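Trainee: Numbering (the working numbering), first residue to last: 202 to 434. Mind looking over this structure? Questions follow.
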Amino acid sequence: MIILALEFSSDRHSVAIARCAMGKPPVVLGEAHEQGARHIHSLALVASALTAAHVEREAVECIAIGLGPGSLTGIRSAIALAQGWQLAHGVSVQGVSSVECLAAQAHEAGLRGVIHAVLDAQRGDFYAAGYEIDDTGWRATYPLRLMSANEAGSMVGSAVCVGPGAGRLGAKGRPMFPDASALARLAGGRNVLSTIEQLEPINLRQVSFVKAAAPRKLPATGNLRSPLPRAAD
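Written out as structure tokens, the structure reads:
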């Protein structure tokens with residue numbers, strides 16, 4: 202099976218192509234990325250990754266999407282691309298937490314012990330999740346949660362933290378962006394597929410609505426029609 206992975210949840214946008222065979226670990230065949238771009242050049246990234254992998258567009262059988270948390274615009278862009286691809290080619294889709302990608306990348310980078318995956322949630326807050334990593338893999342020590350900068354700093358303490366927001370939480374912060382290659386490997390090792398309708402960005406912050414102000418009443422002006430001038434006698 203050929204997997205197309207889209208990870209647009211951070212400032213580093215990445216796309217990867219992987220081959221998954223029964224009983225074998227997924228193999229990444231090609232990838233492409235951009236960083237600091239104001240707009241996501243999703244189709245160009247996909248074309249570059251397909252070219253690097255020597256894979257035709259029609260060969261893609263599954264699309265994996267990084268669901269964040271992170272940039273809602275980026276995640277929705279990835280979901281929209283997957284939706285169009287599914288309508289055109291009938292591919293399957295799979296959503297994966299971008300925080301899990303960070304845990305997988307930390308494991309691949311040789312980090313061991315307790316780590317915290319940290320992402321900037323804007324408004325002075327952070328998303329954080331804890332993991333215990335050893336040679337065989339990782340396990341969650343606490344689930345993803347939204348917290349203030351002070352809470353995140355206290356929880357992380359002297360442990361290693363990874364992620365786009367890690368550098369803001371102390372000397373042991375290790376900046377790391379969720380990557381499409383890790384996403385493709387995670388998706389290839391699972392047999393859990395989704396429907397497009399099930400794919401939603403991960404967002405722990407409650408959506409707040411501001412009630413519109415009542416319409417302002419204009420003062421009565423009486424008859425606005427000016428009388429016609431009278432003809433002279």
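The C-beta atom is built at its ideal place from N, Cα and C for all residues, glycine as well. Nothing here was measured: the structure is a model prediction, and the numbers come from that model.
Just curious, the beta strand (DSSP E) that Ile403 is in, first and last residue?
Mentor: Run containing Ile403: none; DSSP gives neither H nor E here.
Trainee: Flag this pair as yes or no: are the beta carbons of Ala250 and Gly231 separated by less than 8 Å?
Mentor: yes
Trainee: Is it buried or exposed, Phe410, if we count other Cβ atoms within 10 angstroms and call 16 or more buried?
Mentor: The predicted model places Phe410 with a pLDDT of 40, which falls under 50 and marks its position as unreliable; any figure quoted below should be read in that light. Per the 10 Å Cβ criterion, exposed.
Trainee: Given 8 Å as the limit, is there contact between the segment 306–319 and the segment 280–290, that is, 3 or more CB pairs closer than that?
Mentor: no
Trainee: Determine the closest residue to Ile204 out of Asp321, Tyr328 and Arg391, with distance taken between C-alpha atoms.
Mentor: Looking at Asp321, Tyr328 and Arg391, the one whose alpha-carbon comes closest to that of Ile204 is Arg391.
Trainee: Is the beta carbon of Gly275 closer than 8 Å to that of Phe209?
Mentor: yes
Trainee: Are the segment 322–330 and the segment 283–293 touching, with three or more C-beta to C-beta distances below 8 Å?
Mentor: No, because fewer than three Cβ pairs between the segment 322–330 and the segment 283–293 fall closer than 8 Å, the two stretches do not touch.
Trainee: Rounded to a whole number of angstroms, what is the C-alpha to C-alpha distance between Leu405 and Pro270?
Mentor: 8 Å
Trainee: Nearest CA to the CA of Ile397: which residue from Lys225, Val247 and Val297?
Mentor: Just measuring C-alpha positions, the residue of Lys225, Val247 and Val297 sitting nearest Ile397 is Val297.
Trainee: With a cut-off of 8 Å on the beta carbons, I'd call Ala385 and Ala206 a contact; round off their distance for me.
Mentor: 4 Å
Trainee: Enumerate in chain order the residues of its own chain whose CB-to-CB distance from His214 is below 6 Å, with the five nearest sequence positions on each side excluded.
Mentor: Glu235 and Ile241
Trainee: Look at Ala350 and Val315 and say whether their C-beta atoms are less than 8 Å apart.
Mentor: no
Trainee: Beta-carbon separation of Gly267 and Ser299 under 8 Å?
Mentor: yes
Trainee: Which two residues bound the contiguous beta strand (DSSP E) that contains Leu320?
Mentor: Gly314 to Gln323
Trainee: Could you please give me the residues that DSSP links to Arg340 through a beta bridge?
Mentor: Glu333
Trainee: Please tell me whether Gly374 has its Cβ less than 8 Å away from any Cβ of chain B.
Mentor: Protein chain content of the structure displayed is limited to a single chain, and chain B is not contained in it.
Trainee: Which residue comes first and which comes last in the alpha helix (DSSP H) that contains Leu230?
Mentor: Counting along the chain, Leu230 falls outside any alpha helix (DSSP H), though it belongs to the beta strand (DSSP E) covering Val228 to Gln236.
Trainee: Rounded to whole angstroms, what's the CA-CA distance from Gln399 to Leu288? Just pull it up for me.
Mentor: 15 Å
Trainee: Does the beta-carbon of Ser355 have 16 or more other beta-carbons within 10 angstroms, so that it is buried, or is it exposed?
Mentor: The residue is exposed, with fewer than 16 neighbouring Cβ atoms inside 10 Å.
Trainee: Comparing alpha-carbon positions, which option in Gly224, Ser243, Lys225 and Ala238 lies nearest Ala217?
Mentor: Ser243
Trainee: Just to confirm, is the Cβ distance from Ala388 to Gln323 under 8 Å?
Mentor: no
Trainee: I need the straight-line Cα distance from Lys225 to Glu259, nearest angstrom please.
Mentor: 23 Å
Trainee: What are the boundary residues of the beta strand (DSSP E) that includes Gly267?
Mentor: Cys263 to Gly267
Trainee: Gly285 by DSSP, collapsed to three states: which one?
Mentor: Assignment of Gly285 by DSSP, reduced to helix, strand and coil, places it in the helix class.
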